[in-house]
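In the UniProt record's numbering, the protein residues as written are 1 to 119.
By construction, the Cβ of each residue, glycine as well, lies at the ideal position given by its N, Cα and C atoms.
Everything numeric in this text was worked out from a predicted model, so none of it was measured.
Note sheet for the following structure.
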Amino acid sequence: ELLEKVGVDYLGVSLDALLIYCSGNISEQIISDLAEINIKCAEIGYVDNSNQVTMIYEGEEKRSILPQFRESAYTKIKQEIGEETPELKLEMEKKIEKAATKALKKRQKIIDYIEKQAL
1 ELLEKVGVDY LGVSLDALLI YCSGNISEQI ISDLAEINIK CAEIGYVDNS NQVTMIYEGE
61 EKRSILPQFR ESAYTKIKQE IGEETPELKL EMEKKIEKAA TKALKKRQKI IDYIEKQAL
């Protein structure tokens with residue numbers, strides 16, 4: 001519910017990362033519990049309603065950034081639009097939209113399958 005509310009696509013997370021989205025008031029307890037069983041964990045950011053990707057540096061400096069995903073996170077988009085720069089931005093936008101729609105349909109199929117298995 002939280003991920004949907006703030007528009008986070010969990011499928012875009014790096015393959016070797018686990019992001020835990022939780023209320024700020026329990027984050028330190030989660031980090032502590034994981035440390036007790038020798039699992040390294042750190043708070044790397046927070047989610048708000050801005051729909052922006054922002055890097056927070058020491059001293060509270062903030063700078064908007066574009067997310068950098070591993071190739072596996074956008075392989076389907078690359079397959080759809082190719083690796084060459086399209087001559088027309090509109091053409092690229094249409095192809096990205098088509099790839100995103102396919103990804104959302106696939107995501108829903110996976111969710112439906114998991115829910116069916118849980119019954």
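Whole angstroms are fine: how far does the CA of residue j sit from the CA of residue i?
| i | j | result |
| --- | --- | --- |
| GLY24 | GLN52 | 19 Å |
| ILE96 | GLU36 | 43 Å |
| ASP33 | ILE39 | 9 Å |
| GLU61 | LYS106 | 38 Å |
| GLU58 | GLY45 | 12 Å |
| ALA114 | SER50 | The residue asked about is misnamed: residue 114 is Ile in this sequence, not Ala. Taking the straight line joining both Cα atoms gives about 30 Å. |
| THR101 | LEU88 | 20 Å |
| LEU119 | MET92 | 41 Å |
Would DSSP call residue i helix, strand or coil?
| i | result |
| --- | --- |
| SER27 | helix |
| LYS106 | helix |
| SER64 | strand |
| GLY59 | helix |
| ARG70 | Its pLDDT being 47, under 50, ARG70 is placed unreliably in this model, and the coordinates cannot settle the point. |
| GLU93 | helix |
| ALA42 | coil |
| LEU34 | helix |
| ILE111 | helix |
| GLU4 | helix |
| GLN52 | coil |
Just to check my reading of the structure: residue i and residue j have Cβ atoms closer than 8 Å, yes? What is that Cβ distance to the nearest angstrom?
| i | j | result |
| --- | --- | --- |
| SER64 | GLU43 | About 20 Å; that fails the 8 Å criterion. |
Apart from the five residues just before and just after residue i, which ones in its own chain have a Cβ nearer than 6 Å to its Cβ?
| i | result |
| --- | --- |
| LYS109 | none |
| GLU71 | Note that GLU71 scores 46 on pLDDT, short of 50, meaning its location in the model is unreliable; the coordinates nonetheless yield the value given after this. Within the same chain, GLU71 has no close Cβ partners at all. |
Quick one: residues in its chain with C-beta nearer than 8 Å to the C-beta of residue i, no 5 flanking neighbours on either side, listed in chain order?
| i | result |
| --- | --- |
| ILE31 | CYS41, ALA42, GLU43 |
Tell me which same chain residues have a C-beta within less than 7 Å of the C-beta of residue i, skipping the five on either side of it?
| i | result |
| --- | --- |
| LYS116 | none |
| LYS94 | none |
Consider the C-beta atom of residue i and the heavy atoms of the ligand FAD; say whether any pair is separated by less than 8 Å.
| i | result |
| --- | --- |
| SER32 | Of ligands this structure carries none, so the ligand FAD is not represented either. |
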